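Number 57 in numbering that gives the first Met the number 0 belongs to position 58 of the sequence shown; there are no gaps in the numbering.
Ideal Cβ positions, reconstructed from N, Cα and C, are used throughout, including at glycine.
None of the values given here were measured: they were computed from a predicted structure.
Note sheet for the following structure.
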Amino acid sequence: MFSQLEIENLLIFLLNPINNHKQHLTDSHRIEVIKNHRQWEKTTLDEKHNPFYKTISTTVKPRVKQQSDKLLIGLKPITLREMNSRKDHVYTGRVLSVTIIEETLSWIPSIHLVIEDANFDCERMLIYGILEEEGEYLISKLYTVGKKIHIINPYLRIGANDMKPSIRVDDISSIVMQSKSEWILNICRYCCEAGASKFCGKCKQAYYCSKECQTKDWKLYNHKLICKS
Ligand SMILES: [Zn+2]
Ligand SMILES: [Zn+2]
Numbered sequence: 000m001f002s003q004l005e006i007e008n009l010l011i012f013l014l015n016p017i018n019n020h021k022q023h024l025t026d027s028h029r030i031e032v033i034k035n036h037r038q039w040e041k042t043t044l045d046e047k048h049n050p051f052y053k054t055i056s057t058t059v060k061p062r063v064k065q066q067s068d069k070l071l072i073g074l075k076p077i078t079l080r081e082m083n084s085r086k087d088h089v090y091t092g093r094v095l096s097v098t099i100i101e102e103t104l105s106w107i108p109s110i111h112l113v114i115e116d117a118n119f120d121c122e123r124m125l126i127y128g129i130l131e132e133e134g135e136y137l138i139s140k141l142y143t144v145g146k147k148i149h150i151i152n153p154y155l156r157i158g159a160n161d162m163k164p165s166i167r168v169d170d171i172s173s174i175v176m177q178s179k180s181e182w183i184l185n186i187c188r189y190c191c192e193a194g195a196s197k198f199c200g201k202c203k204q205a206y207y208c209s210k211e212c213q214t215k216d217w218k219l220y221n222h223k224l225i226c227k228s
C-alpha cells in the first residue's frame with residue numbers, strides 16, 4: 000500500500016509537468032558541459048584579441064549541398080542516453096536529433112557546440128573539416144542557438160586528452176537541418192524555452208524569458224565567461 004505522503008508526492012509529480020521539465024536544468028553533467036564550453040569560448044575570445052590571431056572576415060555559403068530529409072529514411076532514432084558515454088563508437092544506421100543550445104565564435108580547429116536531445120540530455124559537439132571560407136557562415140548563420148539538427152550515423156568520441164565524451168562530426172554533410180518551423184526562436188539561454196523577450200543589458204546577445212532565468216544563467220552556467228559589452 001502507498002502511504003498518504005507517497006500518494007501526495009506522486010500527485011504533485013503528475014500534476015506539475017513544468018517543474019519536472021525544469022529539473023534537468025540543474026543536472027550536474029549539464030552544468031559541467033555548459034560551463035566548460037563557455038570557458039573554451041572565453042579562451043577563444045581572449046586569443047582573438049591577440050594580434051597574432053588570424054581572422055578571416057569573408058562569409059561564404061558552404062559548398063556542401065543542403066541535405067534532404069530523404070537521407071533519414073530507414074535510419075533508427077537514437078538518444079544520448081542510449082549511447083555509451085565511455086565507449087568510442089560510431090552508431091551506424093542511427094540518427095540523433097538535437098537542438099543547439101550553445102554556439103561558438105570560432106571554427107578553428109573545429110566548431111564547438113552544446114546540443115540537447117528530446118530527453119533534455121546534453122553533450123558537447125565538435126565539427127571538424129571546416130573549410131576556412133565557410134567557417135564564418137557556419138558559426139554565425141547556421142549552427143546557432145535554437146537550431147534543430149539531425150546527425151546521421153552519430154559518432155560518440157572519447158576525448159584523447161580529457162577522456163570526456165563528445166559527438167564528433169568530420170563531414171558536415173552528415174548534419175541535416177530540421178525544418179525552420181522546428182527551430183526555437185529567441186531561445187532563453189537558461190531554460191531553452193522559445194520567445195524570450197528580455198536580454199542581457201551588458202552583452203545584448205543572451206535572451207531570457209525572465210529575470211530569474213538570467214540570474215540562474217549567470218550563477219549556474221557562468222554567463223559572465225561569454226558576456227562581453
Ligand atoms: Zn528561461
Ligand atoms: Zn551578457
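A residue is called buried once 16 or more other Cβ atoms fall within 10 Å of its Cβ, and C191 is buried on that count. The criterion of a C-beta distance shorter than 8 angstroms is satisfied by I114 and M124. An exposed status is given to G200, since fewer than 16 other beta-carbon atoms sit within 10 Å of its beta-carbon.
For P164 against S84, the beta-carbon gap comes to about 4 angstroms, under 8 angstroms, which counts as contact. Ligand 2 never approaches K21 closely enough for any of its heavy atoms to be under 7 angstroms from the residue's Cβ.
In this structure, the beta-carbon distance from E40 to I225 falls below 8 angstroms. When C-alpha distances from K47 are compared across I77, L104, K69 and D68, the shortest belongs to L104. For the alpha helix (DSSP H) assignment, the uninterrupted runs of no fewer than 4 residues enclosed by the segment 124-182 are, from N- to C-terminal side, 131-136. Of the candidates L95, I151 and I166, I166 places its Cα closest to the Cα of I157. Of the candidates S173, I72, T78 and K210, the residue whose Cα lies closest to the Cα of N118 is T78.
Boundaries of the alpha helix (DSSP H) around K218: K210 to L219. Taking a 10 Å sphere around the C-beta of H149, we find 16 or more other C-beta atoms and assign the residue as buried.
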